[in-house]
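Protein chains in written order, with our numbering: chain Z, 966 to 1031; chain U, 866 to 1062.
The beta carbon of each residue, even a glycine, is placed where N, CA and C say it ideally should be.
The block underneath contains the structure these notes are about, expressed in structure tokens.
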Amino acid sequence: MNELFTLLNSQSDAEMEAAFWLGVFEEIPDELFQQADSQPSRSIISALKHYARSYVSYGEKGIVLN
Amino acid sequence: MRDLRKLTDELLVKGYMSGNSKCIDVLIDRHKNKIFTYILVSVKNRELAEDIFQDAIVKVIHSLKAGRYSENGKFSSWVMRIGHNLIIDHYRKEKHLATVSNDNYDFDLLNNPKFSAGSIEDSLVYEQVLRDVSKLVDLLPEAQKKVVELRHYKGLSFKDIAEELGVSINTALGRMRYAIINLRKIAAEKNISLSIN
């Protein structure tokens, strides 16, 4: 029922669409996307991995990177 | 790295949380297509999808390093929900709506504690909304009503619904979408509030 309430409480059709697709994607096995055509660009992936590797913490001093 | 690829998501998450940074590379490679495709399908704009995708992964990194991840379902679902909240934030900012931000992944729309616990008043409101929704579902065309019942009252997957009704998955999905659109329309016409917040 929670999924139905999320859908019905959406404040716009766009939000409803996103909630709808979330429910659908949660059902699809992860493995099916290994060879998917739609992928984020390589530069983004590379930047994110670099960020993840160098990330130490986030706190009073802001984001601390190695 | 090759050995890491054989590990489960849970072990990779634990590995990254305890300092093995290579584990996050494997997790990103394993799930990037699904997360990105979900965001792209929802927002229908590649540039925007890439921005939201980046923000989602950055939040994942912050959460993992802060120890805010607990094994409660699939890793990919958790990341998609973070992406979903960012999508909602984007739409609400775009419309300049004065709403509570979802930019806080500790609050999960799909696991809203108000659905499970809360004051007596919350429970009464929830029960009233439940009754209202049931009445609205009764007003749907039979085919759409059936899909809503199987999905939200019996908890069936779209695959199982398609099999049960002898239709394609696309048809089941289409009926569900129209059902939600109609439910919201009927609620608006009848001036029924479906909000639990």
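- Our two residues, Arg911/U and Leu1021/U, have alpha carbons roughly 32 Å apart in a direct line.
- Assignment of Tyr1020/Z by DSSP, reduced to helix, strand and coil, places it in the strand class.
- Taking 8 Å as the CB threshold, Tyr934/U stays off the interface with chain Z.
- Here DSSP, grouped into helix, strand and coil, assigns Lys887/U to helix.
- Counting only residues of its own chain and dropping the five nearest sequence neighbours on each side, Met882/U has a CB closer than 8 Å to the CB of Leu929, Lys930, Gly932 and Tyr934.
- Listed in chain order, the positions of the segment 911–925 of chain U with a beta carbon within less than 9 Å of a beta carbon of chain Z are Arg911, Ala914, Glu915, Phe918, Gln919, Ile922, Val923 and Val925.
- For Val878/U, the enclosing alpha helix (DSSP H) stretches over residues Asp874 to Met882.
- Against chain U, the beta carbon of Arg1007/Z has no neighbour under 8 Å; the closest one sits roughly 10 Å away.
- Close partners of Arg1040/U in chain Z (Cβ separation under 9 Å) are lacking, with about 12 Å as the shortest Cβ gap.
- When Asp890/U, Tyr1018/U, Asp1025/U and Asn1056/U are compared, the shortest CA-CA separation from Phe970/Z is found for Tyr1018/U.
- Tyr934/U sits in coil when the DSSP states are folded into three classes, being neither helix nor strand.
- Taking the Cα of Asn937/U as reference, the smallest distance to any Cα among Arg957/U, Ile952/U, Val878/U and Leu995/U is reached at Val878/U.
- Nearest in C-alpha terms to Met945/U, of all of Lys960/U, Gly1031/U and Ala914/U, is Ala914/U.
- Close CB contacts of Ala1037/U within its chain, under the 8 Å cut and outside five residues either way in sequence, are with Val1012, Phe1023, Ile1026, Ala1027 and Leu1030 (chain order).
- At least one CB atom of chain Z sits nearer than 8 Å to the CB of Arg1049/U.
- Boundaries of the alpha helix (DSSP H) harbouring Ser942/U: Phe940 to Glu959, taken from the DSSP string.
- Note on Thr873/U: under 16 other CB atoms within 10 angstroms of its CB, so exposed under the neighbour-count rule.
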